[in-house]
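To start, the structure under review is shown below, and the notes come after it.
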Amino acid sequence: MKEKMKSSSKIRTVQKLSGFCQSPDVRALCFLFLLLSASCSFIFRDYLYGNDLMIFNDIGSDTWQQYIMNYTSIVNHLRDGSFSLWDFNNGLGINQFNFNLFDPFLMLLYGVGVVLGPAHMLLYINVIQILKIMVAAFAFYWFLSQFSFSVPSKMITSYAYALNGFLLVWGQHYQFGTVVIYFPLMLLFCEKFIQKKKGKALFPVMVFLCGIYSVYFTYMCLAATGLYLLFRILMLDGLTWKERIQRFLLGCAEMIMGVGMSLVVFLPMAEVLLDVSSRLESDGTGLLDFLRQCFTPYSRKFYLSMLKRMFSSNLQNGYGLAKGPQQYVMNYYEDPVLFCSTLAVFLNVQFLAVLRKADMTKRAKRVLYGVAALILVGTALPVGGTVFNYFTLPTQRYTFVLMTVFLLLMAWMWDYMRKGGKLNLVLILAVTALMGWAYWCGYEQAGFQEYRTNILILTVTGILTAVCLTLLCFLKDTQIRNVILGVMGVVLVVNVVSEGGTNYQNRVTMKKTDVPAEVMVQETQRYEEMRTSDDKEIKYRAEIEKPQDFFREMYRVDLADCLNYLKENDPTFYRVEKDYISGTVSMDSSGQGYRGISTYNSVMNGNVKEFVETCYPELFFADHNHYTFWNNVDDNWLAAFLGVKYILSGNGEPDETKYKLLDQVGSLYIHENVLDAQTAHFYTQDISEESLKELCTEENREELLGEAIALEDGTEIGDASEIQTLKSEEQETAEQNSSVTLDAPQKDSVVTGSVHAEADGYALFMIPYEKGWSLTIDGEKAELLRGDIGFLACEVPEGDHTILLTFEAPGLKAGTIGSVLFWILFAQSRLLIIRKNKTRKSAGA
0 MKEKMKSSSK
10 IRTVQKLSGF
20 CQSPDVRALC
30 FLFLLLSASC
40 SFIFRDYLYG
50 NDLMIFNDIG
60 SDTWQQYIMN
70 YTSIVNHLRD
80 GSFSLWDFNN
90 GLGINQFNFN
100 LFDPFLMLLY
110 GVGVVLGPAH
120 MLLYINVIQI
130 LKIMVAAFAF
140 YWFLSQFSFS
150 VPSKMITSYA
160 YALNGFLLVW
170 GQHYQFGTVV
180 IYFPLMLLFC
190 EKFIQKKKGK
200 ALFPVMVFLC
210 GIYSVYFTYM
220 CLAATGLYLL
230 FRILMLDGLT
240 WKERIQRFLL
250 GCAEMIMGVG
260 MSLVVFLPMA
270 EVLLDVSSRL
280 ESDGTGLLDF
290 LRQCFTPYSR
300 KFYLSMLKRM
310 FSSNLQNGYG
320 LAKGPQQYVM
330 NYYEDPVLFC
340 STLAVFLNVQ
350 FLAVLRKADM
360 TKRAKRVLYG
370 VAALILVGTA
380 LPVGGTVFNY
390 FTLPTQRYTF
400 VLMTVFLLLM
410 AWMWDYMRKG
420 GKLNLVLILA
430 VTALMGWAYW
440 CGYEQAGFQE
450 YRTNILILTV
460 TGILTAVCLT
470 LLCFLKDTQI
480 RNVILGVMGV
490 VLVVNVVSEG
500 GTNYQNRVTM
510 KKTDVPAEVM
520 VQETQRYEEM
530 RTSDDKEIKY
540 RAEIEKPQDF
550 FREMYRVDLA
560 DCLNYLKEND
570 PTFYRVEKDY
580 ISGTVSMDSS
590 GQGYRGISTY
600 NSVMNGNVKE
610 FVETCYPELF
620 FADHNHYTFW
630 NNVDDNWLAA
640 FLGVKYILSG
650 NGEPDETKYK
660 LLDQVGSLYI
670 HENVLDAQTA
680 HFYTQDISEE
690 SLKELCTEEN
700 REELLGEAIA
710 LEDGTEIGDA
720 SEIQTLKSEE
730 QETAEQNSSV
740 TLDAPQKDSV
750 VTGSVHAEAD
760 GYALFMIPYE
770 KGWSLTIDGE
780 KAELLRGDIG
790 FLACEVPEGD
800 HTILLTFEAP
810 GLKAGTIGSV
820 LFWILFAQSR
830 LLIIRKNKTR
840 KSAGA
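Residue numbers (numbering that gives the first Met the number 0): 0 to 844.
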């Protein structure tokens with residue numbers, strides 16, 4: 000009997016599995032996977048089979064100059080067990096919540112780095128991008144499955160979504176691409192909530208997952224999801240206004256609950272973005288000025304760029320994305336990214352025309368026209384970019400939202416055509432003319448042949464699309480129409496694959512292998528000849544073929560030996576810099592594991608930035624997001640002030656008035672600052688911050704910074720010379736004989752040290768002033784002040800003291816408590832829903 004039961008159970012399992020495999024959706028997803036695999040093999044051919052890495056040093060240089068160095072630092076700390084939420088290897092120090100620590104794809108990358116090493120980790124970045132493309136396709140297909148779309152409609156639009164312009168352009172910035180997956184998943188569970196489908200209870204969990212990924216993009220996703228919820232509820236029939244309002248407010252409560260569940264990560268990230276960084280600062284304008292900013296049209300050039308980028312993201316590249324001339328309003332990334340196939344443009348325009356006669360309720364039609372008007376106003380005027388960028392200056396980074404909308408409407412139009420729906424011939428011709436203008440302009444300014452080839456392919460596929468749509472205007476036979484739809488599907492594949500591949504061609508990329516050292520001189524000479532050529536294509540292609548020695552420089556043994564030598568011989572907290580550029584312009588310390596001051600950070604600590612702007616603007620390199628010291632090595636006073644005690648150099652003869660030769664390791668020399676370079680200083684006299692800001696010049700800054708500490712409520716002075724009159728001889732002597740010494744941290748979030756103070760005074764720690772730091776002196780909690788505009792400081796009584804500085808990410812404790820409470824609330828609310836459902840079932844029975 001038992002054997003028969005087991006046998007029948009196995010048969011049922013096999014039957015279920017067989018039924019699952021024969022499901023049209025499963026077969027469609029398998030086909031979609033195979034099609035995307037083949038497409039990605041072509042798009043990323045140079046990265047999968049060639050010598051390129053998906054790390055760029057052109058307009059996408061953030062990847063090379065910043066992101067991979069941050070990832071390398073995280074991996075190195077994880078591997079040696081020293082990871083903490085503060086990192087001194089990045090500039091003067093940084094809160095690790097600056098980075099997307101809980102992006103699942105970056106976590107996968109970190110895992111690869113921990114297992115295989117940071118250098119090997121870089122080989123898998125393009126693989127993770129392909130993985131994102133696959134997941135995006137499946138997520139969008141799942142979202143479309145909440146509606147009554149046909150399988151072919153879901154498959155073709157999911158394919159287009161997977162290769163949409165935002166993921167292939169902004170996805171080059173790694174963490175930016177992940178939002179293309181999270182957003183349709185949020186809409187998916189929102190739709191389940193609206194339709195009261197199974198799985199609706201997980202809506203807050205999806206918001207939670209997005210919340211721990213990125214505050215910046217979660218805000219955009221929530222804003223867009225809130226609008227989606229509003230318009231979808233307005234479309235529903237059979238509800239009173241009271242019921243609509245209740246449903247909308249309940250949906251908003253679900254989203255708020257999801258954010259609450261994510262507070263353990265969301266709140267610390269928000270603290271960095273909104274409190275420490277100056278990235279989202281507004282200009283403080285009044286309401287009328289703000290409204291004027293929102294509704295003043297963009298420039299004519301912006302609208303021309305927007306029109307072109309509906310048909311391609313690569314019509315304005317000119318002679319490449321490095322140093323060649325381009326035709327963008329801002330740049331390749333920051334101009335609106337709107338491409339998700341040429342067919343999508345045709346069908347979205349058609350949707351507006353056919354909606355009027357569509358088989359839909361009047362309410363639904365009015366709502367959809369309202370949505371179209373909102374999208375038009377939001378994209379055509381700065382109001383959309385302003386609202387989605389936290390009501391600050393407008394950006395175009397929210398256009399991932401539009402990809403979902405455009406392709407949702409395309410799915411509807413595909414089924415509309417499949418059922419024999421009529422199209423508007425005039426609009427087909429109008430879009431064709433606009434397309435022809437866009438491609439003609441792109442072809443005229445395209446410098447590289449690869450761009451021209453792509454434009455020709457896009458033109459041919461665009462014309463074929465227009466011809467197919469025109470035929471559908473006249474042909475009634477179902478079989479012929481299905482053949483035409485099949486042809487359009489093939490044309491769409493060619494269209495998006497050609498465009499997708501062009502995003503990754505003619506790029507200045509990191510190579511998997513360096514140019515051999517023995518031919519480096521020869522290859523550099525060839526590069527210089529190309530760079531000065533009169534032929535524009537040769538000249539601008541030179542950057543693409545520039546010889547590389549990244550891995551040789553980044554992982555050179557003698558540099559690691561130098562750092563080990565210093566670590567073994569100096570137990571104090573010191574900083575190291577180099578007098579040359581190697582792997583990156585300003586982020587070598589993150590990759591090579593030493594504490595410097597150079598950095599590149601798009602969300603720079605606003606206090607440190609103000610110090611640099613006021614006192615040492617020459618630390619800025621190219622813009623206010625880069626600090627570099629290699630070009631300021633001669634200023635050894637600044638080095639000593641910031642705690643730079645050692646310089647690594649290829650020069651064995653330093654300027655002995657500034658540095659002395661300490662040792663040679665391999666082909667590198669260690670220079671030691673002749674001044675007393677410390678990461679903390681003692682003062683007996685204070686001045687006000689305002690005095691420092693008003694008086695500081697290149698001529699007197701050493702006196703202002705060296706003789707007194709600037710505090711928010713310090714003493715006002717009218718001239719730098721007044722500091723000496725404020726100080727007594729006893730204070731001067733006490734200051735010279737006092738010291739503050741910090742020990743080398745074992746983990747960067749905990750810094751110990753000692754103070755020898757021969758008078759009451761102040762200690763200035765060369766650590767960025769940021770919420771989260773706390774101080775104890777001799778075990779007693781002490782108040783931290785802001786010193787010299789950008790650094791931690793405190794009052795110190797006379798005597799010998801021990802000090803302990805501890806960093807705890809601001810918002811982490813409160814976020815943890817908040818998350819626990821909201822998870823409890825979530826669990827209780829789900830149990831309540833389950834009980835209600837059981838009660839209803841029992842009552843129905």
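Glycine included, each C-beta is placed from N, C-alpha and C at the ideal position.
Suppose the cutoff is 6 Å on Cβ atoms and the five residues either side in sequence are ignored; what does the same chain contact list for residue i look like?
i    : result
V749 : T805
F230 : V366 and V370
T531 : none
Exposed or buried, what is residue i when buried is set at 16 or more other beta-carbons lying within 10 Å of its beta-carbon?
i    : result
Y327 : buried
L562 : buried
A439 : Before going on, a small fix: residue 439 reads as Trp here, not Ala. The residue in question, W439, is exposed, as its Cβ has fewer than 16 Cβ neighbours within 10 Å.
F610 : buried
F41  : exposed
C39  : buried
M53  : buried
C695 : buried
S601 : exposed
N330 : exposed
Whole angstroms is fine: what's the gap from residue i's alpha carbon to residue j's?
i    : j    : result
T62  : T724 : 51 Å
L354 : M603 : 48 Å
L661 : K577 : 14 Å
D569 : A808 : 29 Å
V496 : A269 : 37 Å
A679 : T775 : 16 Å
D777 : I802 : 6 Å
W629 : L248 : 56 Å
P296 : L273 : 28 Å
N846 : L31  : Residue 846 cannot be examined here, being either before or after the span of the chain that is shown, 0 to 844.
P23  : Y768 : 59 Å
A842 : R834 : 12 Å
T732 : G798 : 15 Å
State the DSSP-derived secondary structure class of residue i, mapped to helix, strand or coil.
i    : result
S311 : coil
M359 : coil
Y658 : strand
V514 : coil
D685 : strand
W85  : strand
D288 : helix
D742 : strand
A762 : strand
D414 : helix
W772 : strand
R530 : helix
V795 : strand
E671 : strand
If you drop the 5 nearest sequence neighbours on each side, which residues of the same chain put their C-beta closer than 7 Å to that of residue i?
i    : result
L470 : I483
P117 : T71, V74 and N75
L784 : L710, A792 and C793
N453 : N313, S497, E498 and T501
L28  : F137 and Y140
L367 : L354
By Cβ distance, which residues of its chain are closer than 8 Å to residue i, with the 5 residues on each side in sequence left out?
i    : result
N50  : K510, K511 and T512
L457 : F310, S311, T341, Y438, N494, S497 and E498
R700 : C614 and Y615
A743 : K566, D569, P570, T571, F572 and Y573
*Which runs of the beta strand (DSSP E), 3 residues or longer, sit entirely within the stretch 538 to 607?*
574 to 577
*Continuous alpha helix (DSSP H) assignments of at least 4 residues falling wholly in the stretch 182 to 269*: 202 to 212, 214 to 234 and 240 to 260
*asked:* I'd like the ranges of any alpha helix (DSSP H) spanning at least 4 consecutive residues and lying wholly in the stretch 110 to 177.
replied: 117 to 120, 124 to 143, 150 to 161 and 164 to 168
*For the stretch 337 to 409, list the alpha helix (DSSP H) runs that are entirely contained and at least 4 residues long, ordered along the chain.*
Fully enclosed alpha helix (DSSP H) runs of no fewer than 4 residues occupy 341 to 353, 361 to 379 and 381 to 386 of the stretch 337 to 409, in order along the chain.
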